[in-house]
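J.: Read in order, the letters of the sequence shown correspond to residues 31 to 125 in our numbering. Backbone N, C-alpha and C fix where the C-beta goes; we use that ideal spot for every residue, glycine too.
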Amino acid sequence: VDWTKVSVDGNVVTLQAGMGLDLGGIAKGYIADKLREYLSENGVDSALINLGGNVLTLGGKPDGSNFTIGVQKPFFAKHIAYYASYDTAVNSERE
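1. Taking the C-alpha atoms as reference points, what is the distance between Val-120 and Ile-79?
2. Secondary structure at Thr-118, three-state DSSP: helix, strand or coil?
3. For Lys-58, which residues of its own chain have a beta-carbon under 7 Å away from its beta-carbon, when the five flanking residues on both sides are left out?
4. Put Leu-81 into one of helix, strand or coil per three-state DSSP.
5. Measure the Cβ-Cβ separation of Asn-98 and Tyr-116 and say whether it is below 8 Å.
6. I think Lys-64 touches Ser-76, with their Cβ atoms under 8 Å apart; what is that distance to the nearest whole Å?
7. Pick out whichever of Leu-88, Ile-56, Tyr-60 has its Cα sitting closest to the Cα of Lys-71.
8. What's the call for Ala-47, buried or exposed, on a 16-neighbour Cβ count within 10 Å?
Written out as structure tokens, the structure is:
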């Protein structure tokens, strides 16, 4: 999909034949942000929120170090990458 071929006019979105949009990541990102906000407002300063491919960290581990997020290719036993995360979001849903 080429995002430049998506046309938006007001509240009408037009796609070329064979194209599609998946907005699932937006919903998960929104929920992760709201969970992070709720936890922060209630005094939590260290958390890892995992929403199935969307991971958000609030601060780091309780000892102050980074969380380590493993990225795994679907149906592949080993991790293909690791990401040090401190107060960030990681999306690993694509192959």
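T.: Considering the structure as presented:
1. 10 Å
2. coil
3. Leu-81, Asn-84
4. coil
5. For the record, residue 98 in the displayed sequence is Thr; it is not Asn. Contact flag unset, no.
6. Not quite, the Cβ-Cβ distance comes to about 18 Å (not below 8 Å), so this is no contact.
7. It is Glu, not Lys, that sits at residue 71 in the sequence shown. Selected option, being the one with the closest Cα: Leu-88.
8. exposed
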